[in-house]
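**Student:** Those protein sequences? They're chains A and B, same order as listed. Numbering-wise, the numbering used here puts 73 at position 73 of the first sequence, and it's gapless, one number per residue. In the numbering used here, each residue's number is its place in the second sequence (first place is 1) plus 1000. Attaching a single structure in structure tokens format; questions to follow.
Number of protein chains: 2
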Amino acid sequence: MKRWLIQNGLFVTLASERPTYEGWLSVEGDRIAGMGEGAAPAHEAEAAEEIVDGKGLLFLPGLINTHGHAAMSLLRGLADDLALQDWLENHMWPTEAKFAGDDVYWGTSLAAAEMILSGTTTFVDMYDHMGRVAEVVEQAGLRASLTRGVIGLCPPEVQTAKLNDAVQFARDWHGKADGRIRAMMSPHAPYTCPPDYIERIVAAAHELGLPLHTHMSESAAEVAQNVRDYGTRPVAHLDSLGFFSRPSLVAHAVHLNDEEIALLAERGVAVSHNPVSNLKLASGVARAPDLLRAGVTVSLGTDSAASNNNLDLFEEIRLAALLHKGVSGDPTAVPAAEALRMGTLYGARAIGLEGVTGELRPGLKADLTAVSIAKPHFVPRTDYVSHLVYAANGADVAHVWVDGKQLLRGRELLTLDAERIRFEAQRCFERLRG
Amino acid sequence: MKRWLIQNGLFVTLASERPTYEGWLSVEGDRIAGMGEGAAPAHEAEAAEEIVDGKGLLFLPGLINTHGHAAMSLLRGLADDLALQDWLENHMWPTEAKFAGDDVYWGTSLAAAEMILSGTTTFVDMYDHMGRVAEVVEQAGLRASLTRGVIGLCPPEVQTAKLNDAVQFARDWHGKADGRIRAMMSPHAPYTCPPDYIERIVAAAHELGLPLHTHMSESAAEVAQNVRDYGTRPVAHLDSLGFFSRPSLVAHAVHLNDEEIALLAERGVAVSHNPVSNLKLASGVARAPDLLRAGVTVSLGTDSAASNNNLDLFEEIRLAALLHKGVSGDPTAVPAAEALRMGTLYGARAIGLEGVTGELRPGLKADLTAVSIAKPHFVPRTDYVSHLVYAANGADVAHVWVDGKQLLRGRELLTLDAERIRFEAQRCFERLRG
């Protein structure tokens, strides 16, 4: 196993007494082997096959994007400034209905390139043609929790075919790509899946031992519809269908009352907060500070590039830190370090990868993002956690490693052909719209 | 006068029928000479001393940042996650009290470097030691409206000395640097200046023929204090002091009622909306869509890097487009093109420079920002105005020109020494905190 060493770097640990330190970090194979302040011990330097000069670089855990639909990057800028249902029903769904496997492959490749270039190392993806998504993940070298999202507004035999497809994908790919790929099971949303169909998906998740992921309470209209159709709000509805009996991650959760927050906390449900997408689609502002206070794991997602319109998780981190202050009037809401944890540690926790990734600690996977700090907006050297959250953006990322393998070097993609991806993605888009 | 030509570029005009076009733009001296679709006419190519290949570049009017305190970049990350008054009184003001001219010079240089690197060509600056700020503007090649902000909570002779300083600065620098520097007059805020002092500043502005700039209604507490102290809310208060008898730009204007919005519209007052700073300090969300609907000119400002914490105006543009949708529930609030106008044309209008800068039109100053679009987050080629607003950030800026003179070439600063500035800014910070 290759052993290598970073020297003279700044490292973000987010430990309360010493959130950053200057020193070294060593990697053996796919894991962080050692870390320390100051110069590396002699035995570390001797054992290293390669030494990376960390001067001018700030190393943080690779970012974790816990909600998205990567292939929809093909639809970036196609339709903006519209309401959720209009946007979905009249613009997204008709175009997406034409998506073939190749469109998913190139759209996901486009997203993978953008994510690596902005420091994301792990992402959650809910879409169709998931085998093609998994291919991209394997080639790109990223880590991902992948799930075939099924919409159940269709005849029973189509429902069954979709569920079988989701199960087959999970059987084919869970644990593949050196363990970097994990599977989840996903009804698209309570408003797009009849209750009995959700129960069948939950049963399949139990059988496969997989977590569940869904959209929930994104818009006020959707909550009202749930009450109208089923007599309960979405949290109680999903709870009654056994959804939360599996480890669960719900995306959005914008419209929650106090009882729902308490139940999510009790059931150990994680929430992917997607502040940019929720603002852009005018869905509202999720009660992230209340969820955090209740002990709910709140992670961050970009949602797709069609409602964002980029996959730069630094923007979600910053907006998570800014938005709740302004809306609540409490300037201490979601402090910088907490926002950064939402994009790293809490992301890992939300998808069952705590202790695997999301932190810089010996024994964890070597998923690292290095930010170049030799730039005016990182001056003066006051508080690098603050600078990462309030001043940085994805373009500050210089290098990225996943499982100890370098994916980005000096902003050059090492595992993907950026030029070909841009070309093929444009061609797919033109075919879809032609 | 040098004549040069950009060919094969994409140009943003924001005209409703054709917001972007592919073609050419020529510059003569400090002004845009011609523009057109397709290939440049033979006489344009023949007259050009230099031809810039615009392939892969999107040219837009240089961005205009209408509220800030550039030198406070020295305090970036010093104190975050605090309320406005605590932040000002216990952290900013005590450190700023130690600022000498050199601190202002290097802090402003740091800000100038960051602004050029993120595509801003014109900025408004309210601070002290303004002669040193003007020096930086002259050297950097930027365009700026500069104003000595005076706080009147001091003995009469100090008030007079400050006002004299502001007047002297305006006399020394208004129209200098080939006309790129303009002066304004500024009471810091209604809550930091007694009414009679504001009246004296307004009188001086009339005498000098200069516009006025101030902070207004940033926090709810400040509005309540105004009512307590003077029996009126800040808009009526300033109006009664004759403030709006001069061309006026007010920063923040977060807490306004309908009557105040109507009066600002009637008086032709421009508002600098600073969404990031207002969120970070938990001041609230300004009623930007209501102001726009009432016909008020709404431009964008970063405020200082101490409450932002960067000077990337692309973030303000994006947040202006996102925030008001999510908060109002109206997904059509502040569409992309309107947000981009707030950062360009409306910025020029807010400081009396409409017809001078803020648009790409023959006869206007050649203040250009070129964004590199050969990146995943600009794919596919759907709507470049959408991409600029929802997907881009300041690091996408490749080149910048002001008055036809290039300030940034391939992200290299041509008029400023970035490395020295980082070094000196760090040294100033350490001395201030030592």
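Note that CB positions come from ideal geometry on N, CA and C, so glycine has one too. Quick caveat, the model's predicted, so the values are computed rather than measured.
What residues in its chain sit with their C-beta under 7 Å from that of D1053 of chain B, if we drop five residues either side in the sequence?
**Tutor:** By 1-based counting over the second sequence, the position of residue 1053 of chain B is 53. Cβ-Cβ distances below 7 Å link D1053 of chain B to Q1007 and N1008 in the same chain, with the five nearest sequence neighbours on each side left out; the list follows chain order.
**Student:** Report yes or no: do three or more beta-carbon pairs, one from the stretch 256-276 of chain A and one from the stretch 190-205 of chain A, lie closer than 8 Å?
**Tutor:** no
**Student:** Taking the CB atoms as reference points, tell me whether F123 of chain A and N65 of chain A lie closer together than 8 Å.
**Tutor:** The sequence position of residue 123 of chain A within the first sequence is 123, counting from 1. The sequence position of residue 65 of chain A within the first sequence is 65, counting from 1. Taking 8 Å as the Cβ cut-off, F123 of chain A and N65 of chain A qualify as a contacting pair.
**Student:** Determine the direct distance from the alpha carbon of L340 of chain A to that of V385 of chain A, and round the result to whole angstroms.
**Tutor:** Locating residue 385 of chain A in the first sequence gives position 385, counting from the first residue. Locating residue 340 of chain A in the first sequence gives position 340, counting from the first residue. Each residue's alpha carbon lies about 8 Å from the other.
**Student:** Compare the Cα-Cα distances from G1005 of chain B to each of B:H1043, B:T1013 and B:A1048 and report the closest residue.
**Tutor:** Taking the second sequence and counting its residues from 1, the one referred to as residue 1005 of chain B is at position 5. According to the sequence displayed, residue 1005 of chain B carries Leu and not Gly. The shortest Cα separation from L1005 of chain B among B:H1043, B:T1013 and B:A1048 belongs to B:A1048.
**Student:** Of all the options B:E1157, B:D1125 and B:C1154, which has the alpha carbon lying nearest to the alpha carbon of S1145 of chain B?
**Tutor:** Position 145 of the second sequence, counted from the first residue, corresponds to residue 1145 of chain B. Minimum Cα distance to S1145 of chain B is reached at B:D1125.
**Student:** Would you kindly work out how many angstroms separate the C-alpha atoms of Y21 of chain A and D396 of chain A, rounded to a whole number?
**Tutor:** Residue 21 of chain A sits at position 21 when you count from the first residue of the first sequence. Residue 396 of chain A sits at position 396 when you count from the first residue of the first sequence. For Y21 of chain A and D396 of chain A, the distance between alpha carbons rounds to 19 Å.
**Student:** Give the secondary structure of S186 of chain A by DSSP, where H, G and I count as helix, E and B as strand, and everything else as coil.
**Tutor:** The residue labelled residue 186 of chain A in the question sits at position 186 within the first sequence. S186 of chain A falls in the strand class under three-state DSSP.
**Student:** Closer than 9 Å, Cβ to any Cβ of chain B: which residues of the stretch 365-393 of chain A, in chain order?
**Tutor:** A374, K375, P376, H377, F378, V379, P380, R381, T382, D383, Y384, V385, S386, H387, V389, Y390, A391, A392 and N393
**Student:** So what's R1246 of chain B in DSSP terms, helix, strand or just coil?
**Tutor:** The residue given as residue 1246 of chain B occupies position 246 in the second sequence. Correct three-state label for R1246 of chain B: coil.
**Student:** Which residue spans inside the stretch 129-213 of chain A form an unbroken beta strand (DSSP E) run of at least 3?
**Tutor:** 143-150 and 181-187
**Student:** Helix, strand or coil for P41 of chain A? Go by DSSP, reduced to three states.
**Tutor:** The residue labelled residue 41 of chain A in the question sits at position 41 within the first sequence. P41 of chain A: coil per DSSP, three-state reduction.
**Student:** Go ahead and label R118 of chain A buried or exposed: buried means 16 or more other beta carbons lie within 10 angstroms of its beta carbon, across all protein chains shown.
**Tutor:** Here residue 118 of chain A corresponds to residue number 118 of the first sequence, with the count starting at 1. It should be noted that the sequence gives Ser, not Arg, for residue 118 of chain A. With 16 or more Cβ atoms within 10 Å of its Cβ, S118 of chain A is classed as buried.
**Student:** Looking only at DSSP bridge pairs, what is Q1406 of chain B linked to?
**Tutor:** As a working mapping, residue 1406 of chain B is identified with position 406 in the second sequence. B:W1401, per the DSSP bridge assignment.
**Student:** Helix, strand or coil for P1376 of chain B, going by three-state DSSP, please let me know.
**Tutor:** By one-based count along the second sequence, residue 1376 of chain B stands at place 376. DSSP places P1376 of chain B in helix when its eight states are reduced to three.
**Student:** Report the neighbours of G1284 of chain B on chain A: residues whose CB is nearer than 9 Å to its CB, in chain order.
**Tutor:** Numbered from 1 along the second sequence, position 284 holds the residue referred to as residue 1284 of chain B. Ordered by position in chain A, the residues that pass the 9 Å Cβ test against G1284 of chain B are G326, V327 and G329.
**Student:** With H, G and I counted as helix, E and B as strand and the rest as coil, what does DSSP make of T95 of chain A?
**Tutor:** Here residue 95 of chain A is taken as the residue at index 95 of the first sequence, counted from 1. The answer is helix: DSSP assigns T95 of chain A an H, G or I state.
**Student:** Taking DSSP as the reference, what is the three-state secondary structure of M126 of chain A?
**Tutor:** Locating residue 126 of chain A in the first sequence gives position 126, counting from the first residue. In the structure shown, M126 of chain A sits in a strand (DSSP, three-state: E or B).
**Student:** Under 8 Å between C-beta atoms, does T20 of chain A make it to chain C?
**Tutor:** This model lacks chain C altogether; the protein chains it does include are A and B.
**Student:** Which one of B:R1422, B:Y1230, B:P1061 and B:G1056 has the shortest CA to CA distance from L1353 of chain B?
**Tutor:** Position 353 of the second sequence, counted from the first residue, corresponds to residue 1353 of chain B. The option with the nearest alpha carbon to L1353 of chain B is B:P1061.
**Student:** Which residue's Cα is closest to the Cα of D103 of chain A: A:H69, A:D80, A:I116 and A:T120?
**Tutor:** Sequence index remark: in the first sequence, residue 103 of chain A carries index 103 (1-based). Out of A:H69, A:D80, A:I116 and A:T120, A:H69 has the C-alpha closest to the C-alpha of D103 of chain A.
**Student:** Is R1200 of chain B near L1163 of chain B, with beta carbons less than 8 Å apart?
**Tutor:** Within the second sequence, the letter at position 200 stands for residue 1200 of chain B. Within the second sequence, the letter at position 163 stands for residue 1163 of chain B. The answer is yes: Cβ separation under 8 Å.
**Student:** If we call anything under 8 Å between Cβ atoms a contact, is S186 of chain A one with G209 of chain A?
**Tutor:** The residue you call residue 186 of chain A lines up with position 186 of the first sequence. The residue you call residue 209 of chain A lines up with position 209 of the first sequence. No; because the gap between Cβ atoms is not below 8 Å, this pair is not in contact.
**Student:** Look at E114 of chain A and L300 of chain A and say whether their C-beta atoms are less than 8 Å apart.
**Tutor:** Start at 1 with the first residue of the first sequence, and residue 114 of chain A comes out as number 114. Start at 1 with the first residue of the first sequence, and residue 300 of chain A comes out as number 300. For E114 of chain A and L300 of chain A, no; Cβs fall outside 8 Å.
**Student:** To which residues does DSSP link K280 of chain A through a beta bridge?
**Tutor:** Within the first sequence, numbered from 1, the residue matching residue 280 of chain A stands at position 280. Answer by DSSP bridge pairing: none, since K280 of chain A is not bridged.
**Student:** Does the beta carbon of I1261 of chain B come closer than 8 Å to any beta carbon on chain A?
**Tutor:** Taking the second sequence and counting its residues from 1, one reaches residue 1261 of chain B at position 261. With 8 Å as the cut-off, I1261 of chain B does not count as an interface residue toward chain A.
**Student:** Apart from the five residues just before and just after L292 of chain A, which ones in its own chain have a Cβ nearer than 6 Å to its Cβ?
**Tutor:** As a first step, residue 292 of chain A is located in the first sequence; it is residue number 292 there, counting from the start. Once the five neighbours on either side are set aside, the close Cβ partners of L292 of chain A are V298.
**Student:** When you compare each of B:T1095, B:A1071 and B:N1278 to L1110 of chain B by their alpha carbons, which one comes out closest?
**Tutor:** In the second sequence, counting from the first residue as 1, residue 1110 of chain B sits at position 110. Ranking the options by Cα distance to L1110 of chain B, first place goes to B:A1071.
**Student:** Does DSSP classify M1115 of chain B as helix, strand or coil?
**Tutor:** As a position in the second sequence, residue 1115 of chain B is number 115, starting the count at 1. Correct three-state label for M1115 of chain B: helix.
**Student:** Any idea if M1 of chain A is buried or exposed, counting beta-carbon neighbours within 10 angstroms, 16 or more meaning buried?
**Tutor:** For this step, residue 1 of chain A is matched to residue 1 along the first sequence. For M1 of chain A, the number of other beta carbons within 10 angstroms of its own is below 16, and it is reported as exposed.
**Student:** Please report how far the alpha carbon of R246 of chain A lies from the alpha carbon of D239 of chain A, in whole angstroms.
**Tutor:** Counting from one through the first sequence, the residue named residue 246 of chain A turns up at place 246. Counting from one through the first sequence, the residue named residue 239 of chain A turns up at place 239. If I take the Cα positions, the gap works out to 10 Å.
**Student:** Give the C-beta separation of L1075 of chain B and M1092 of chain B to the nearest angstrom, bearing in mind that I take them to be a contact with Cβ-Cβ under 8 Å.
**Tutor:** In the second sequence, the residue the question calls residue 1075 of chain B occupies position 75. In the second sequence, the residue the question calls residue 1092 of chain B occupies position 92. Confirmed, Cβ separation roughly 6 Å.
**Student:** Candidates B:F1099, B:F1169 and B:A1040: which alpha carbon is nearest G1434 of chain B's?
**Tutor:** The count along the second sequence starts at 1 and reaches residue 1434 of chain B at position 434. Nearest C-alpha to G1434 of chain B: B:F1099.
**Student:** Looking at chain A, is there any beta carbon in it that lies within less than 8 Å of the beta carbon of I1181 of chain B?
**Tutor:** Your numbering for residue 1181 of chain B matches position 181 in the second sequence. Chain A, which has no Cβ nearer than 8 Å to the Cβ of I1181 of chain B, makes this no.
**Student:** Can the beta-carbon of L1287 of chain B be found less than 8 Å from the beta-carbon of V1389 of chain B?
**Tutor:** Here residue 1287 of chain B is taken as the residue at index 287 of the second sequence, counted from 1. Here residue 1389 of chain B is taken as the residue at index 389 of the second sequence, counted from 1. Before going further, note that residue 1287 of chain B is Arg rather than Leu in the sequence given. No, the pair does not count as a contact, with Cβ atoms beyond the cut-off.
**Student:** Taking beta-carbon pairs under 7 Å, can you tell me which members of the stretch 122-150 of chain A lie near chain B?
**Tutor:** So the list is empty, because no residue satisfies the distance condition.
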